[in-house]
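Report on one structure; see the data block that follows.
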Amino acid sequence: QVQLQESGPGLVKPSETLSLTCAVSGYSISSDYSWGWIRQPPGKGLEWIGSIYHSGSTYYNPSLKSRVTISVDTSKNQFSLKLSSVTAADTAVYYCARLKYYYDSSGYTDWYFDLWGRGTLVTVSS
Amino acid sequence: QSVLTQPPSASGTPGQRVTISCSGSSSNIGSNSVNWYQQLPGTAPKLLIHSNNKRPSGVPDRFSGSKSGTSASLAIIGLQSEDEADYYCAAWDDSLNGHWVFGGGTKLTVL
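Protein chains in written order, with my numbering: chain A, 525 to 650; chain B, -16 to 94.
Set out below in structure tokens:
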């Protein structure tokens, strides 16, 4: 059974860099799937942060692009998020998720986040 | 302000049919498929519907999705108390080199 588990500091100071990792168990991260990060400020909705595809290509939320880096460490079977110059507005529950490539017999193809980690709360405060 | 527009709340009584709408534009729903997620209180989102109307294994057939033009809908028939949750729609947006967008979420209350 594939599981995702986020980890990292629960408290980050303003202007510093938020660093989180997502450990993948039950599946080799270097195989088919792609991966992503989504966050949810307390009491608010979901916001996509970025994704890294199996090819190595990365896509980031345009509003966060200048501050975000997502990478994969195949030796540790995990992927990571770095968000620089954080402010209180970055306080949120951060989820890692698997991005699945779907295709069927008719030739239809699609992408969607099919499996999510439990999430980790990161608070930005001095 | 979310790119995809959902009603903030919806409600129904047990056994009823409830629908939740998701409105977008030509660059997202109009061009790409819609996925729906269910978030029970205090838990991570769970995939409910992908590719507009496909249910992953394990999702009850009481849940169904549809799309028309730049709008999509999630329908729940035979509403149950355990369906009380937040529901989010999501789609890929082709603008700005491409990015995922979510709806603001709809809180479903089972009366």
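Here a beta-carbon is modelled for each residue, glycine too, at the ideal position from N, C-alpha and C.
**OP:** Return the first residue and the last residue of the beta strand (DSSP E) that residue 58 (chain B) is part of.
**Re:** Counting from 1 along the second sequence, the entry for residue 58 (chain B) is found at position 75. Start and end: 54 to 59.
Original post:
Which residues, in order along the stretch 74 to 86 of chain B, keep a beta-carbon less than 8 Å from a beta-carbon of chain A?
Top reply: 75, 79, 80, 81, 82, 83, 84, 85, 86
Original post:
What do you reckon, is the C-beta of residue 544 (chain A) under 8 Å from a heavy atom of the ligand MN?
Top reply: Only the bare structure without any ligand can be found here, which leaves the ligand MN out of the picture.
Original post:
Is residue 616 (chain A) closer than 9 Å to residue 646 (chain A) when the C-beta atoms are compared?
Top reply: For the purposes of this step, residue 646 (chain A) is taken as the residue at position 122 of the first sequence. For the purposes of this step, residue 616 (chain A) is taken as the residue at position 92 of the first sequence. Yes. Within cutoff.
Original post:
For residue 526 (chain A), is the classification buried or exposed, using 16 other Cβ atoms within 10 angstroms of its Cβ as the cut-off for buried?
Top reply: Numbered from 1 along the first sequence, position 2 holds the residue referred to as residue 526 (chain A). Residue 526 (chain A) is exposed by the Cβ-count criterion.
**OP:** Figure out for me which residue from B:86, B:70, B:85 has the closest Cα to the Cα of residue 26 (chain B).
**Re:** Position 43 of the second sequence, counting from 1, holds the residue named residue 26 (chain B). If we check each option's Cα against that of residue 26 (chain B), B:70 comes out closest.
Original post:
Can you tell me whether residue 579 (chain A) is buried or exposed, with buried defined as 16 or more other CB within 10 angstroms of its CB?
Top reply: Within the first sequence, the letter at position 55 stands for residue 579 (chain A). Its Cβ having fewer than 16 others within 10 Å, residue 579 (chain A) is exposed.
Subject >> Per-residue DSSP class, three states only, for residue 642 (chain A) >> reply: Taking the first sequence and counting its residues from 1, the one referred to as residue 642 (chain A) is at position 118. Here residue 642 (chain A) sits in coil by DSSP.
Original post:
For a contact meaning CB atoms closer than 9 Å, what does residue 88 (chain B) contact in chain A?
Top reply: Taking the second sequence and counting its residues from 1, one reaches residue 88 (chain B) at position 105. Ordered by position in chain A, the residues that pass the 9 Å Cβ test against residue 88 (chain B) are 568, 569, 570.
Subject >> Interface residues of chain B facing residue 583 (chain A) [CB-CB closer than 9 Å] >> reply: Taking the first residue of the first sequence as position 1, residue 583 (chain A) is located at position 59. Residues of chain B passing the Cβ test: 80, 81, 82, 83.
Subject >> Classification of residue 633 (chain A) by the beta-carbon crowding that lies within 10 angstroms, buried from 16 upward >> reply: Locating residue 633 (chain A) in the first sequence gives position 109, counting from the first residue. Per the 10 Å Cβ criterion, exposed.
Subject >> Selection from B:41, B:54, B:59, B:66 that minimises the alpha carbon distance to residue -14 (chain B) >> reply: Residue -14 (chain B) sits at position 3 when you count from the first residue of the second sequence. It is B:54 whose Cα lies nearest to the Cα of residue -14 (chain B).
**OP:** Please list the partners that residue 643 (chain A) has in chain B, where partner means a Cβ-to-Cβ separation under 8 Å.
**Re:** Mapped onto the first sequence, residue 643 (chain A) falls at position 119. What residue 643 (chain A) touches in chain B: 27.
Subject >> Residue range of the unbroken beta strand (DSSP E) whose run includes residue 529 (chain A) >> reply: Counting from 1 along the first sequence, the entry for residue 529 (chain A) is found at position 5. Segment 527 to 531, the beta strand (DSSP E) holding residue 529 (chain A).
Original post:
Leaving out five residues before and five after residue 58 (chain B) in sequence, what residues of the same chain have Cβ atoms less than 6 Å from its Cβ?
Top reply: The residue given as residue 58 (chain B) occupies position 75 in the second sequence. Closer than 6 Å at the Cβ level, and outside the excluded window around residue 58 (chain B), lie 2, 47.
**OP:** Run down chain A in chain order and give the residues with a C-beta less than 9 Å from the C-beta of residue 71 (chain B).
**Re:** One-based indexing of the second sequence puts residue 71 (chain B) at position 88. By Cβ distance, chain A contributes 569, 570.
Subject >> Beta-ladder partner(s) of residue 556 (chain A), from DSSP >> reply: Against the first sequence, residue 556 (chain A) aligns to sequence position 32. Answer by DSSP bridge pairing: none, since residue 556 (chain A) is not bridged.
**OP:** Confirm, please, whether the CB-CB distance from residue -12 (chain B) to residue 87 (chain B) is below 9 Å.
**Re:** For this step, residue 87 (chain B) is matched to residue 104 along the second sequence. For this step, residue -12 (chain B) is matched to residue 5 along the second sequence. Yes; because the gap between Cβ atoms is below 9 Å, this pair is in contact.
Original post:
Which partner residues does residue 564 (chain A) have in the DSSP bridge list?
Top reply: Taking the first sequence and counting its residues from 1, one reaches residue 564 (chain A) at position 40. According to DSSP, residue 564 (chain A) bridges with A:617.
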